[in-house]
Structure formats: structure tokens, C-alpha cells
Amino acid sequence: MNEIPRPFTLVAELTYRCPLRCPYCSNPLNWSEYQQELSTEDWMRVIRQARQLGVLQLGLTGGEPLLRNDLETLVETAAELGLYTTLVTAGTLFSPERATKLKQLGLDHVQISIQDSESQNNDRIAGTRSFDQKLAAARLAKALDFPLTLNFVLHRQNLDRIEEMLLLAEELNVDRVELANTQYYGWALHNRTALLPTREQLAYAEKVVKAAQQRGKIPMGILYVIPDYYAQYPKPCMGGWGNRTLIVTPTGEGLPCQSAMAIPGLEFGNVREHTLDWIWFESSGMNQFRGTDWMPEPCQSCDRKTLDWGGCRCQAFLLTQNAQATDPVCYLSPNHAQIQSVLDQLPEQMEPFVYRDRQAIYAEPV
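Using the numbering used here, you'd call the opening residue of the sequence shown number -19 and step up by one each time.
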């Protein structure tokens, strides 16, 4: 294996608590087992160790990171170390008081998720009234001169309004837009038949996105990610396992991606017991699928193996029960027929969502 690269980004999942109930939530189905969250001191130590490890970007996410009363302290710590910080938020708790304080302390960038372009469907997808608060948060971020990204998670039940979503982003004068089709892990896999779009929807969406890109009203661009299930090749998940990004969960597990705990038998290490340096370089779980030596055929002989890195290990396990298998979304995978079968059996009518458990709801910081 070649020399192990240092991570570029630390994703700090500060909490899995959240005021929303999105049916595609990337948090674990057993999120309630992650109640013993890291302390302020733990997170400050993690942030310092990340900088020493070579990390340049810090994503503060969750759940809803604004449910942590110590968020300001963590932003201040990161700013003092020269890390570029992004707050990834649903926006419902982004109050003028906290937003102003975060700006003063050095927060660099805000990303707000919006579920649809109109309130009724946004609130239905989110599982709670939130649309007006999200728009207010976006306007507040712009008023405070934050660079602002709007994130729209796309799926069967909102993709027909992608043009309206982009027009909303232009109206709000956002700097960047992420149009991320749902990735099918966690709650999204549980809701797959309700969320998977049709080929016709995707063809329409592609035309709309190209037109918006040509208008050029989003200065930092529009990122459009198609669903894995409709792609010819798998995506390079997280830029490769243990290659660019390090995740730390609310309870301190250091991971190569948000869903890695779904694969049984892997040991990564916890920041309460190990340094980030040890977790990144030495832990068996982080090294399990690093590089290309682990790859089976057809990946091992493929000229794309250092482009897509064999695809997503978590998706391979969730669909085949074998984390070492070629990602089934790849058309060369011996399990690709499983993906085609799912697409062929999509119901004509939209199915209802199974929402993230209500126990996830917290209205105020605790």
C-alpha cells in the first residue's frame, strides 16, 4: 500500500439529536444508542488533534449542531487554529443572536438544508413545520455576509420541483447550491421505494440543472449528484476509504464515512481512548479498505480503481452482506442485477414515508 495520505476534512457529528424527522436521514437507525455525547473538552481536544494531523476544513454537523450549547466555543477554538469552518444546519435554530455570535467568533461558511421549494411539501418531508424558519435563516446568513450553500436532498417526492428550488436559491442570492440525490443508507434505505426517482424525473432534472448553470446566477456553482442506482459506475465514496475525510461521531468513534459502523466486525477506535493520529493511521478499521490491495475482481483489474476506489463499502455490505464486494451499482458488479431489479419494481404510486423516530425531536438546546 502507498503512503497513507493525511485527512483534509474533519466532519464533527456533534449530536444526532435533531428537530426534524427526515425520512432520508444519514444518521444511524439506532441513533438513540449514541446518547453519551463527547464533552466540550473532548471536542476541543479532537479539533486540536485534527489540526496537528493536517486537517484544513472542519464540518460541524449532526443531527443539528445548534443543539449543542458549546458550539460557539468549538467554532472559536477552530478559528484560532486556522481551520475553515462550515456549519451544516437545518436552519430552524439559527437565531439572530447565535448567528451574530458565530460570525464574530470566526465561523466561515453556513450550509442550510431545504426539503422543497414550497412550505407544504417541505414541512411534510421534514416531518415538522420548518420552511419559514429555513428561509429566515438563509436571509439572516446573507445579511451577516456568510458565504451560504443551500442543500436540497432530491428524491421522487420533490424532484419535479427542482426548477422551483433553483429559482428559490437564485432569489435568496445564495453562493452555492448542492443538489444531492438521496444516498441509500440508514433511513433512506429503509424508505427506498418511497424515495427512488424515475428515469423520467432524472432526465427532466438534468435539463433544468444545465439551464440554471448556463444562467450563472449561483456564483460558486451548482453541484448535482445523480442517484447511485442510475449511474454506470459507483461514486468514489468520501474520496476513498480513509483517504481524505475523517468522521467523528457524537460518542467519539473515528470513522472513514458516516455509515461505516453499519459494517460489523470493524474496529476504528474512540477519541476518548486514542488520538486522532492513531485512529487515522493505525486502527484496523480505517486500514481495512484503504488503497486497492483489498479489492476483488473485477475492481482489481479495472482502470478506474483509483478513481472510484471500488465504490461504497457500506452500500456493498447493506446490499450483499459482503463489505468487500464490488459496489452493486457498478454495471460490472456480479450483483448489479439486484440494482436493476429494484428499479424495475418501483411502484407507480408514491409510497408514504417512515419518518425518523419522534424521540429525535428536541425543540431547544440541552
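We put the beta carbon where it would ideally sit given N, CA and C, even for glycine. Model, not experiment: these values are computed from the prediction.
Let me confirm a value: residue i is counted as buried when at least 16 other C-beta atoms fall within 10 Å, else exposed. Which label applies?
{"i": "Glu344", "result": "Legend: pLDDT at Glu344 = 33, less than 50; position of this residue unreliable, value from coordinates given subsequently. Burial call: exposed."}
{"i": "Thr(-11)", "result": "buried"}
{"i": "Asp280", "result": "Checking the sequence, you will find Gln at residue 280 rather than Asp. The residue in question, Gln280, is exposed, as its Cβ has fewer than 16 Cβ neighbours within 10 Å."}
{"i": "Pro177", "result": "buried"}
{"i": "Pro76", "result": "exposed"}
{"i": "Leu145", "result": "The question names Leu, but residue 145 is Met in the sequence shown. It counts as buried."}
{"i": "Val334", "result": "exposed"}
{"i": "Ala118", "result": "buried"}
{"i": "Pro350", "result": "Past the edges of the chain, shown from -19 to 346, lies residue 350, and the structure says nothing about it."}
{"i": "Thr229", "result": "buried"}
{"i": "Met218", "result": "buried"}
{"i": "Ala191", "result": "exposed"}
{"i": "Ser97", "result": "buried"}
{"i": "Leu169", "result": "buried"}
{"i": "Pro332", "result": "exposed"}
{"i": "Asp324", "result": "exposed"}
{"i": "Asp273", "result": "exposed"}
{"i": "Met(-19)", "result": "Unreliable placement is indicated for Met(-19), whose pLDDT of 49 sits below 50; the coordinate value is still reported in the next sentence. Exposed, since its Cβ has fewer than 16 Cβ neighbours within 10 Å."}
{"i": "Thr65", "result": "buried"}
{"i": "Gln194", "result": "exposed"}
Would you kindly report the start and end of the unbroken beta strand (DSSP E) that includes residue i?
{"i": "Asn102", "result": "Premise fails: Asn102 lies in the alpha helix (DSSP H), Ser99 to Ala106, not in any beta strand (DSSP E)."}
{"i": "Arg156", "result": "Arg156 to Asn161"}
{"i": "Val205", "result": "Ile202 to Val205"}
Pull up the DSSP beta-bridge partners for residue i, would you.
{"i": "Asn250", "result": "Glu233"}
{"i": "His89", "result": "Thr66"}
{"i": "Val334", "result": "Answer is none; Val334 lacks a bridge partner."}
{"i": "Gly39", "result": "Val(-9) and Thr66"}
{"i": "Phe132", "result": "Leu159"}
{"i": "Ile227", "result": "Val(-9) and Leu235"}
What is the rounded straight-line gap between the Cα of residue i and the Cα of residue j?
{"i": "Lys187", "j": "Phe297", "result": "33 Å"}
{"i": "Lys83", "j": "Phe126", "result": "8 Å"}
{"i": "Leu38", "j": "Leu226", "result": "10 Å"}
{"i": "Arg48", "j": "Ala70", "result": "14 Å"}
{"i": "Gly265", "j": "Val251", "result": "14 Å"}
{"i": "Asn102", "j": "Leu120", "result": "19 Å"}
{"i": "Gln268", "j": "Met241", "result": "13 Å"}
{"i": "Ile(-16)", "j": "Pro8", "result": "28 Å"}
{"i": "Glu(-7)", "j": "Arg284", "result": "31 Å"}
{"i": "Thr231", "j": "Arg224", "result": "21 Å"}
{"i": "Ile92", "j": "Ala211", "result": "27 Å"}
{"i": "Val346", "j": "Gln318", "result": "Unreliable positioning characterises Val346 in this predicted model, as indicated by a pLDDT of 31, which lies under 50. The coordinate reading is nonetheless provided below. Approximately 44 Å between the Cα atoms of the pair."}
{"i": "Ser6", "j": "Arg25", "result": "26 Å"}
{"i": "Pro199", "j": "Ala106", "result": "28 Å"}
{"i": "Phe261", "j": "Thr255", "result": "10 Å"}
{"i": "Pro44", "j": "Lys122", "result": "Residue identity differs from the one stated: residue 44 is Glu in this sequence, not Pro. Between Glu44 and Lys122, the C-alpha separation is close to 20 Å."}
{"i": "Ala30", "j": "Tyr4", "result": "29 Å"}
{"i": "Leu67", "j": "Arg156", "result": "14 Å"}
{"i": "Asn302", "j": "Ser239", "result": "15 Å"}
{"i": "Leu246", "j": "Cys294", "result": "12 Å"}
{"i": "Gly222", "j": "Ala59", "result": "25 Å"}
{"i": "Pro276", "j": "Leu147", "result": "45 Å"}
Excluding sequence positions up to five away, which residues of its chain have a Cβ less than 6 Å from the Cβ of residue i?
{"i": "Gly249", "result": "Gly234, Ile259 and Ser263"}
{"i": "Pro278", "result": "Leu312"}
{"i": "Tyr204", "result": "Leu159 and Val189"}
{"i": "Ala305", "result": "Ala296"}
{"i": "Asp22", "result": "none"}
{"i": "Glu56", "result": "Leu85"}
{"i": "Asp288", "result": "Tyr213, Pro214 and Pro216"}
{"i": "Asn131", "result": "Gln91, Ser93 and Glu158"}
{"i": "Arg172", "result": "Tyr164"}
Taking 8 Å as the limit between beta carbons, can you name the residues of its chain near residue i, skipping five residues before and five after?
{"i": "Thr20", "result": "Asp50, Thr53 and Leu54"}
{"i": "Met330", "result": "Arg136, Gln137 and Ala174"}
{"i": "Leu124", "result": "Ala79, Thr80 and Lys83"}
{"i": "Tyr209", "result": "Tyr164, Leu176, Val309, Ile319, Val322 and Leu323"}
Report yes if the C-beta of residue i is less than 7 Å from at least one heavy atom of the ligand FMN; otherwise report no.
{"i": "Glu(-7)", "result": "Absence of the ligand FMN is noted for the structure shown, with no ligands found whatsoever."}
Which residue comes first and which comes last in the alpha helix (DSSP H) that contains residue i?
{"i": "Pro185", "result": "Residue identity check: residue 185 is Ala in the sequence provided, not Pro. Looking at the DSSP string, the run of the alpha helix (DSSP H) that includes Ala185 is Arg179 to Arg195."}
{"i": "Val35", "result": "Segment: none, Val35 is in no alpha helix (DSSP H) and carries neither H nor E."}
{"i": "Thr173", "result": "Arg172 to Leu175"}
{"i": "Gly265", "result": "Ser264 to Gln268"}
{"i": "Thr300", "result": "Arg293 to Thr300"}
{"i": "Lys215", "result": "Looking at the DSSP string, Lys215 is not in any alpha helix (DSSP H), and its letter there is neither H nor E."}
{"i": "Asp257", "result": "Leu256 to Phe261"}
{"i": "Met145", "result": "Ile142 to Glu151"}
Excluding the five sequence neighbours on either side, which residues of its own chain have a C-beta within less than 7 Å of the C-beta of residue i, listed in chain order?
{"i": "Arg(-14)", "result": "Leu33 and Gly34"}
{"i": "Phe111", "result": "Ser99, Asn102 and Asp103"}
{"i": "Lys197", "result": "Glu150"}
{"i": "Leu182", "result": "Ile206 and Tyr210"}
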